[in-house]
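*Asks:*
2 protein chains.
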Amino acid sequence: MSTRRGPGRPPGAAAPRREQLIEVTIELVGDQGYAAATLGRIAEAAGLSKASVLHHVPSVAELLAAAYEQVLASMVAEVGGAVEEAPAADRPVVYVTAMIGYFREHPRHTRVASEALVHLRLPGESRERWEPLAQLLEQARTARGLPPARELRTAALAIGGGIDAIVREQQLDPSYDSARAAELLAGVLENVVLSH
Amino acid sequence: MSTRRGPGRPPGAAAPRREQLIEVTIELVGDQGYAAATLGRIAEAAGLSKASVLHHVPSVAELLAAAYEQVLASMVAEVGGAVEEAPAADRPVVYVTAMIGYFREHPRHTRVASEALVHLRLPGESRERWEPLAQLLEQARTARGLPPARELRTAALAIGGGIDAIVREQQLDPSYDSARAAELLAGVLENVVLSH
DNA sequence: GTCTATACGCAGATAGAC
DNA sequence: GTCTATCTGCGTATAGAC
């Protein structure tokens with residue numbers, strides 16, 4: 001009987017219940033913040049008992065981390081894809097607009113990502129959030145024949161902070177046009193960091 | 001007997017126990033975050049029982065709000081003072097350097113202020129955090145004989161985000177020179193928002 | 001896999017003696 | 001003003017039946 005069902009899944013397949021739990025956790029955190037993402041509320045939103053939730057997930061903390069990681073992976077995939085399609089000289093600008101665009105298209109992911117630094121115990125990774133952009137800036141400058149920048153870290157940090165602020169404003173006030181803001185920020189980047 | 005002690009204090013005087021509790025709360029939040037500022041830990045840090053703490057303060061939530069407000073008031077007093085001493089044309093630049101300088105001099109206040117938006121139920125005030133800077137920008141432009149800016153909100157938002165990022169970096173890595181970063185950010189402000 | 005029942009800890013807050 | 005003792009609620013997690 002080659003079609004009998006065993007206890008396991010085919011190697012690459014997903015665990016559907018776990019996926020569902022991650023999904024409702026993202027909705028809960030995205031809409032009401034990490035403080036609202038308790039075992040009881042997650043169970044209720046998933047239509048399960050608390051014990052059943054913990055049958056599919058080792059702990060609430062692990063589930064919260066998995067939800068955050070899924071949001072982060074989705075963001076990295078989309079932004080990273082857009083960046084790689086562009087020539088090196090334009091990548092910083094694409095990074096800015098793609099990042100702001102991503103969170104405009106995924107409002108729930110905004111809160112998941114922005115509150116994660118406060119609520120989750122994140123290893124040192126969060127401390128170097130400015131590094132990817134710094135690398136893009138440096139590579140764009142060499143692609144343009146410019147000398148290395150002296151204050152790369154501060155430049156990347158400030159641009160990243162500007163992105164965060166624009167994304168947050170779009171979340172607080174959906175009538176705020178973050179696409180236009182992204183163009184503006186990209187223009188500053190172009191004229192200040194990527195010229196002379 | 002005009003010197004007898006009654007139950008009250010002279011009108012303008014502080015309530016010393018309450019002040020002490022606010023103080024230890026700021027230390028706790030500043031060093032370990034809002035999650036660590038529980039009634040039990042506050043009591044322990046103050047050398048009191050939990051019940052005694054609540055004799056001087058109506059609730060933990062109120063104490064947390066008071067601690068945040070004290071930090072905010074202190075910051076506004078220092079930054080506001082520096083800004084008012086400067087001519088209108090220079091105020092945005094002074095705002096940036098004074099703000100970053102304040103949090104460099106008061107590391108504990110950094111975390112109290114930055115996590116407050118996530119942990120405290122703040123009324124609409126937090127939504128207009130960009131407005132003071134926007135006003136300074138507008139006034140500086142008219143003082144310089146420039147026409148009103150078109151994207152004031154985004155400019156103030158992005159600068160504010162840059163300030164936040166630099167302040168946070170100084171907190172995470174004390175060897176990071178946020179004073180130099182402030183000069184850089186102020187320079188961008190000068191050349192991008194306050195010229196032509 | 002799913003449930004009910006339960007254990008356990010910790011948070012905030014109150015009662016009442018001193 | 002200060003304390004000890006207590007209450008209540010909520011959070012995570014486990015035990016064990018179905």
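Protein chains in written order, with the UniProt record's numbering: chain A, 1 to 196; chain B, 1 to 196. Using N, Cα and C, we set each Cβ at its ideal position, and we do this for glycine too. Since the model is a prediction, treat every value here as computed from it, not as a measurement.
Is Val57 (chain B) near Arg18 (chain B), with beta carbons less than 8 Å apart?
*Replies:* Here residue 57 (chain B) refers to the residue found at position 57 of the second sequence. Here residue 18 (chain B) refers to the residue found at position 18 of the second sequence. In contact: Val57 (chain B) and Arg18 (chain B) (Cβ atoms closer than 8 Å).
*Asks:* Using the beta-carbon count (16 or more within 10 Å), is Pro92 (chain B) buried or exposed?
*Replies:* The count along the second sequence starts at 1 and reaches residue 92 (chain B) at position 92. Label assigned to Pro92 (chain B): buried.
*Asks:* Under three-state DSSP, which class holds Gly33 (chain B)?
*Replies:* What you label residue 33 (chain B) is simply residue 33 of the second sequence in a count that begins at 1. Looking at Gly33 (chain B) - three-state DSSP - the assignment turns out to be coil, as it is neither helix nor strand.
*Asks:* When you compare the CB positions of Leu72 (chain A) and Ala113 (chain A), do they come within less than 8 Å of one another, or not?
*Replies:* The count along the first sequence starts at 1 and reaches residue 72 (chain A) at position 72. The count along the first sequence starts at 1 and reaches residue 113 (chain A) at position 113. In this structure, Ala113 (chain A) lies closer than 8 Å to Leu72 (chain A) by Cβ.
*Asks:* If we count the other Cβ atoms within 10 Å of its Cβ and call it buried at 16 or more, is His119 (chain B) buried or exposed?
*Replies:* The count along the second sequence starts at 1 and reaches residue 119 (chain B) at position 119. Looking at its Cβ environment, which holds 16 or more other Cβ atoms inside 10 Å, His119 (chain B) is buried.
*Asks:* What's the gap between the Cα of Leu28 (chain B) and the Cα of Ala43 (chain B)?
*Replies:* Position 28 of the second sequence, counted from the start, is the residue given in the question as residue 28 (chain B). Position 43 of the second sequence, counted from the start, is the residue given in the question as residue 43 (chain B). Computed Cα separation, rounded: 11 Å.
*Asks:* What are the boundary residues of the alpha helix (DSSP H) that His109 (chain B) is part of?
*Replies:* Position 109 of the second sequence, counting from 1, holds the residue named residue 109 (chain B). Looking at the DSSP string, the run of the alpha helix (DSSP H) that includes His109 (chain B) is Pro107 to His119.
*Asks:* Check whether the region 126 to 143 of chain A and the region 126 to 146 of chain B touch, using three or more Cβ-Cβ pairs below 8 Å as the test.
*Replies:* Counting Cβ pairs under 8 Å, fewer than three are found: no touch.
*Asks:* Please return the same chain residues whose Cβ sits closer than 7 Å to the Cβ of Ala88 (chain B), not counting the five positions on each side in sequence.
*Replies:* In the second sequence, counting from the first residue as 1, residue 88 (chain B) sits at position 88. Closer than 7 Å at Cβ, skipping near neighbours: Gln139, Ala140 and Ala143.
*Asks:* Look up Val57 (chain A) in the DSSP assignment and say whether it is helix, strand or coil.
*Replies:* Taking the first residue of the first sequence as position 1, residue 57 (chain A) is located at position 57. Val57 (chain A) falls in the coil class under three-state DSSP.
*Asks:* Taking the C-alpha atoms as reference points, what is the distance between Gly162 (chain B) and Ala165 (chain A)?
*Replies:* Stepping through the second sequence from its first residue, residue 162 (chain B) is reached at position 162. Stepping through the first sequence from its first residue, residue 165 (chain A) is reached at position 165. If you take the alpha carbons of Gly162 (chain B) and Ala165 (chain A), they lie about 8 Å apart.
*Asks:* Taking a contact to mean a Cβ-Cβ separation below 8 Å, would you say Tyr176 (chain A) touches Glu183 (chain A) in this structure?
*Replies:* Position 176 of the first sequence, counted from the first residue, corresponds to residue 176 (chain A). Position 183 of the first sequence, counted from the first residue, corresponds to residue 183 (chain A). Contact: no.
*Asks:* Using alpha carbons as the reference points, say which of A:Leu157, A:Pro123, A:Asp173 and A:Gln171 lies closest to Leu189 (chain A).
*Replies:* As a working mapping, residue 189 (chain A) is identified with position 189 in the first sequence. Of the listed residues, the one whose Cα sits closest to Leu189 (chain A) is A:Leu157.
*Asks:* Name the chain B residues that come within less than 7 Å of Val192 (chain A), Cβ to Cβ?
*Replies:* Sequence index remark: in the first sequence, residue 192 (chain A) carries index 192 (1-based). What Val192 (chain A) touches in chain B: Val188 and Val192.
*Asks:* Can you pull the chain B neighbours of Val29 (chain A), defined as C-beta to C-beta under 9 Å?
*Replies:* The residue labelled residue 29 (chain A) in the question sits at position 29 within the first sequence. Here the premise fails: no neighbours, minimum Cβ distance about 12 Å.
*Asks:* Who are the Cβ neighbours of Ala181 (chain B) in its own chain at under 6 Å, not counting the five residues just before and after it?
*Replies:* Reading the second sequence from its first residue, position 181 is the one you call residue 181 (chain B). Answer for Ala181 (chain B): Ile166, listed in chain order.
*Asks:* Is Arg150 (chain A) helix, strand or coil by DSSP?
*Replies:* Along the first sequence, read from residue 1 onward, the residue named residue 150 (chain A) stands at position 150. Arg150 (chain A) falls in the coil class under three-state DSSP.
*Asks:* With a threshold of 8 Å between beta-carbons, can Leu184 (chain B) be considered close to chain A, or not?
*Replies:* Counting from 1 along the second sequence, the entry for residue 184 (chain B) is found at position 184. Yes, Leu184 (chain B) counts as interfacial toward chain A.
*Asks:* Quick check on DSSP: helix, strand or coil for Leu21 (chain A)?
*Replies:* In the first sequence, counting from the first residue as 1, residue 21 (chain A) sits at position 21. Correct three-state label for Leu21 (chain A): helix.
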